[in-house]
Amino acid sequence: MTIKSANVTARVEPDIKKRAESILSSLGISASNGINMFYRQIILWNGLHFRPSIPNSAPKTLEEMTKEEFDKRIARGLSQAESGEGIPADEFFSNLRQEINNSNVQNL
88 MTIKSANVTA RVEPDIKKRA ESILSSLGIS ASNGINMFYR QIILWNGLHF
138 RPSIPNSAPK TLEEMTKEEF DKRIARGLSQ AESGEGIPAD EFFSNLRQEI
188 NNSNVQNL
């Protein structure tokens with residue numbers, strides 16, 4: 088059994104803390120366990136397990152789109168599917184799993 092004896096002190100915005108802890112709580116995870124998981128991911132990936140970036144534009148919800156925007160996106164997706172662009176979902180996830188496994192082996 089690992090004894091947890093190190094403390095982490097960090098200043099965060101109260102609203103961010105409240106929202107994050109609420110989500111963790113709904114998952115049955117304490118803030119301490121959430122931070123521990125985050126640190127373990129840093130160790131596993133030898134860095135952040137996500138790419139910090141600012142998206143070019145945030146995706147819009149259906150409610151935020153006009154009918155024309157929605158129709159245009161649907162038409163583009165249909166066109167891509169009909170022209171054979173992309174790969175089947177099972178192939179995509181298989182490739183993704185392989186990529187993750189290769190990355191984990193290289194980081195050991």
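Under this note's numbering, the first residue of the sequence shown carries the number 88, and numbering increases by one thereafter.
Quick reminder that beta carbons are idealized off the backbone N, C-alpha and C, glycines included.
#1: With DSSP as the reference, label Glu100 as helix, strand or coil.
#2: Please report the distance separating the alpha-carbon of Pro139 from that of Lys154.
#3: On the DSSP letters alone, give me the boundaries of the alpha helix (DSSP H) that Phe196 sits inside.
#4: Assuming contact is defined by CB atoms lying nearer than 8 Å, are Gly121 and Leu131 in contact in what I supplied?
#5: With distances taken between CB atoms, is the gap from Leu135 to Ile129 smaller than 8 Å?
From the atom records:
#1: coil
#2: 32 Å
#3: As shown, the chain starts at 88 and ends at 195. That puts residue 196 outside it, with no answer to give.
#4: no
#5: yes
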